[in-house]
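Take a look at the structure set out below.
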Amino acid sequence: GAGVSQSPRYKVAKRGQDVALRCDPISGHVSLFWYQQALGQGPEFLTYFQNEAQLDKSGLPSDRFFAERPEGSVSTLKIQRTQQEDSAVYLCASSLGSGGPYEQYFGPGTRLTVT
Amino acid sequence: AQSVAQPEDQVNVAEGNPLTVKCTYSVSGNPYLFWYVQYPNRGLQFLLKYITGDNLVKGSYGFEAEFNKSQTSFHLKKPSALVSDSALYFCAVRDVGTGTASKLTFGTGTRLQVTL
Numbered sequence: 133g134a135g136v137s138q139s140p141r142y143k144v145a146k147r148g149q150d151v152a153l154r155c156d157p158i159s160g161h162v163s164l165f166w167y168q169q170a171l172g173q174g175p176e177f178l179t180y181f182q183n184e185a186q187l188d189k190s191g192l193p194s195d196r197f198f199a200e201r202p203e204g205s206v207s208t209l210k211i212q213r214t215q216q217e218d219s220a221v222y223l224c225a226s227s228l229g230s231g232g233p234y235e236q237y238f239g240p241g242t243r244l245t246v247t
Numbered sequence: 026a027q028s029v030a031q032p033e034d035q036v037n038v039a040e041g042n043p044l045t046v047k048c049t050y051s052v053s054g055n056p057y058l059f060w061y062v063q064y065p066n067r068g069l070q071f072l073l074k075y076i077t078g079d080n081l082v083k084g085s086y087g088f089e090a091e092f093n094k095s096q097t098s099f100h101l102k103k104p105s106a107l108v109s110d111s112a113l114y115f116c117a118v119r120d121v122g123t124g125t126a127s128k129l130t131f132g133t134g135t136r137l138q139v140t141l
């Protein structure tokens, strides 16, 4: 079946612009996660949804970052007034359930470059 | 707080030889442990996980991992490496006791290079 998809795959933004990154999780997956992966590093947690509820946003680095999943399926990560330090790969993952040992399935990521 | 350490930035092995990629973890309770592989310009692919029970876990593509509670380790192994195994490998942990807080904490990754 179809995996997690993300769009766009690549995004170049001028400093100060707003960007929106989209994630389509695997159908039927309850949980959705966003991670940020800087060059040469492991993914770092940003935020987590269970259905449409955002249960954890402790990893969002500033109030310029905002995520939503209004209907419990597709999610959008929005970054306002982008800064150079926002340049990274943004990974979306989904899992079948929550609160248990469910593995997360990752999309290919969106590589954001802020110039 | 939960954390993962992957002490080797890179592991080099000849094709056909056994490989080990090291991982140690820290959680306040019991762990769920995962290994993922990342190929260039692609997302992370799930390899295997430890939940409970048998300390030797078998996963995809002939990989296995050994959980050692006393050493807080979860090393990835394969009896015979292939050139196609060359990739970036990430270990991840989640504390069982965190309920619905399901986030994973990843290590910094180990690059595996398999040569002929």
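Chains as they are written, first to last, in the working numbering: chain G, 133 to 247; chain R, 26 to 141. Heads up, the beta-carbon is just placed ideally off N, CA and C, and yes, glycines get one too.
Residue i in three-state terms, based on DSSP
| i | result |
| --- | --- |
| G/Glu-217 | helix |
| G/Asp-188 | strand |
| R/Tyr-50 | strand |
| R/Ser-85 | helix |
| G/Val-162 | coil |
| R/Ser-105 | coil |
| R/Val-38 | strand |
| G/Arg-156 | The residue asked about is misnamed: residue 156 of chain G is Asp in this sequence, not Arg. G/Asp-156 falls in the strand class under three-state DSSP. |
| R/Asp-79 | coil |
| G/Asp-150 | coil |
| R/Leu-110 | According to the sequence provided, residue 110 of chain R is Asp. The question's Leu does not apply to it. Three-state result, R/Asp-110: helix. |
| G/Val-136 | coil |
| R/Val-29 | strand |
| R/Val-121 | helix |
| G/Lys-210 | strand |
Residue from the options whose Cα sits closest to the Cα of residue i
| i | options | result |
| --- | --- | --- |
| G/Arg-201 | G/Pro-175, G/Leu-171, G/Leu-153 | G/Leu-153 |
| R/Val-139 | R/Leu-58, R/Gly-68, R/Leu-107, R/Gly-122 | R/Leu-107 |
| G/Cys-224 | G/Gly-204, G/Glu-235, G/Asp-195, G/Phe-165 | G/Phe-165 |
| G/Lys-146 | G/Tyr-234, G/Ser-226, G/Glu-217 | G/Glu-217 |
| G/Val-136 | G/Val-162, G/Gln-149, G/Ala-185, G/Leu-244 | G/Val-162 |
| G/Pro-240 | R/Asn-66, R/Gly-54, R/Phe-99 | R/Asn-66 |
| R/Val-82 | R/Leu-101, R/Ser-95, R/Thr-97, R/Gln-96 | R/Leu-101 |
| G/Ile-158 | G/Gly-231, G/Glu-176, G/Gln-138, G/Gln-215 | G/Gln-138 |
| R/Thr-97 | R/Asp-34, R/Ser-109, R/Asn-37, R/Gly-54 | R/Gly-54 |
| R/Cys-48 | R/Val-29, R/Val-36, R/Ser-109, R/Asp-110 | R/Val-29 |
| R/Asp-110 | R/Cys-116, R/Val-38, R/Gly-132 | R/Val-38 |
8 Å Cβ cutoff met for residue i and residue j
| i | j | result |
| --- | --- | --- |
| R/Gly-87 | R/Lys-103 | yes |
| R/Tyr-50 | R/Val-118 | yes |
| G/Gln-186 | G/Ala-220 | no |
| R/Thr-130 | R/Gln-27 | yes |
| R/Asn-80 | R/Glu-89 | no |
| R/Gly-78 | G/Gly-174 | no |
| R/Leu-72 | R/Gly-84 | yes |
| G/Leu-178 | G/Phe-197 | yes |
| G/Ser-226 | G/Gln-182 | no |
| R/Ile-76 | R/Tyr-57 | yes |
Pairwise C-alpha distance: residue j and residue i
| i | j | result |
| --- | --- | --- |
| R/Phe-59 | R/Thr-45 | 15 Å |
| R/Val-62 | G/Glu-203 | 31 Å |
| R/Ser-105 | G/Arg-213 | 49 Å |
| R/Val-52 | R/Tyr-114 | 20 Å |
| G/Thr-247 | G/Ile-211 | 14 Å |
| R/Ala-112 | R/Leu-137 | 5 Å |
| G/Ser-207 | G/Pro-233 | 22 Å |
| G/Lys-189 | R/Glu-40 | 43 Å |
| G/Thr-242 | R/Pro-43 | 34 Å |
| R/Asn-93 | R/Phe-99 | 6 Å |
| G/Tyr-180 | R/Ser-127 | 8 Å |
| G/Gly-160 | G/Ala-134 | 12 Å |
| G/Val-144 | G/Ala-199 | 19 Å |
| R/Val-36 | G/Gln-236 | 25 Å |
| R/Gly-132 | G/Phe-238 | 16 Å |
Interface residues of chain C facing residue i [CB-CB closer than 7 Å]
| i | result |
| --- | --- |
| G/Pro-240 | Among the protein chains of the structure shown, namely G and R, there is no chain C. |
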